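Visitor: Supplied in structure tokens, the structure appears directly below.
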Amino acid sequence: MAIEPLSVQFVCLGNICRSPAAQAVMESLTASDPRWQGVVVDSAGTAGYHIGRAADSRMIAAAKLRGYDLQSRAKQFERRFLCSRTLILAMDRENYRDIMLLATGAAPNVRLFSDYLDESWPRDVPDPYYGENDGFEYVLDMLEAGCPKILEEILSKKDSLHSQ
């Protein structure tokens, strides 16, 4: 029987700002790392407001200035994504609660993105949608600080599965 690939899924409200940017940052980190083979990166939103749409043009522009290419299309988070081999990272506590409402029982693989940040960062990754351009920059700063730590955790989990 084939082992299902490990994956990480970033989740925000509409899947057009924070979570697609997190997906792009993580994909950039993993693009040249052969250890990442077989690990899937994805994103979704807890609300279905923007299904099928590209990321917000302001996030696309801010990310492009840092070398990230946001290609994903918005989709809504579904219960089926709650697989035990998927690390699900909510961008804020509200989205975390919404994800947990879909979970049936304990879901130790659902965490806050900020679990990978030190205390100098806020607990929630702020939604820049209704703000100014500096909000998109700030979100990218947070994502660049946390994604390398997520990558290392996933790779160590993957290594331990292969050694069993």
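3 is the number of the first residue of the sequence shown in the numbering used here; add one for each residue after it. Where is the CB? At the ideal position from N, CA and C, for every residue including glycine. None of these values were measured; they are calculated from a predicted model.
List the residues that DSSP assigns as beta-bridge partners of V42.
Guide: Paired residues: S9.
Visitor: Can we count L157 as close to the ligand NAP, meaning its CB is less than 6 Å from some heavy atom?
Guide: This structure lacks the ligand NAP, and indeed carries no ligand of any kind.
Visitor: From E154 to V127, what distance separates their C-alpha atoms?
Guide: Cα to Cα, E154 sits roughly 20 Å from V127.
Visitor: In terms of residues, what are the limits of the alpha helix (DSSP H) holding L103?
Guide: Unbroken alpha helix (DSSP H) run through L103: R95 to L104.
Visitor: What is the C-beta distance between N135 and L15, in whole angstroms, given that I count them as a contact (C-beta under 8 Å)?
Guide: The Cβ separation is near 19 Å, so there is no contact.
Visitor: Run the CB neighbour count on L67, radius 10 Å, all protein chains shown included, and call it buried at 16 or more, exposed below.
Guide: With fewer than 16 Cβ atoms within 10 Å of its Cβ, L67 is classed as exposed.
Visitor: Quick one: grab the DSSP three-state call for T88.
Guide: Three-state result, T88: strand.
Visitor: Put R82 into one of helix, strand or coil per three-state DSSP.
Guide: DSSP places R82 in helix when its eight states are reduced to three.
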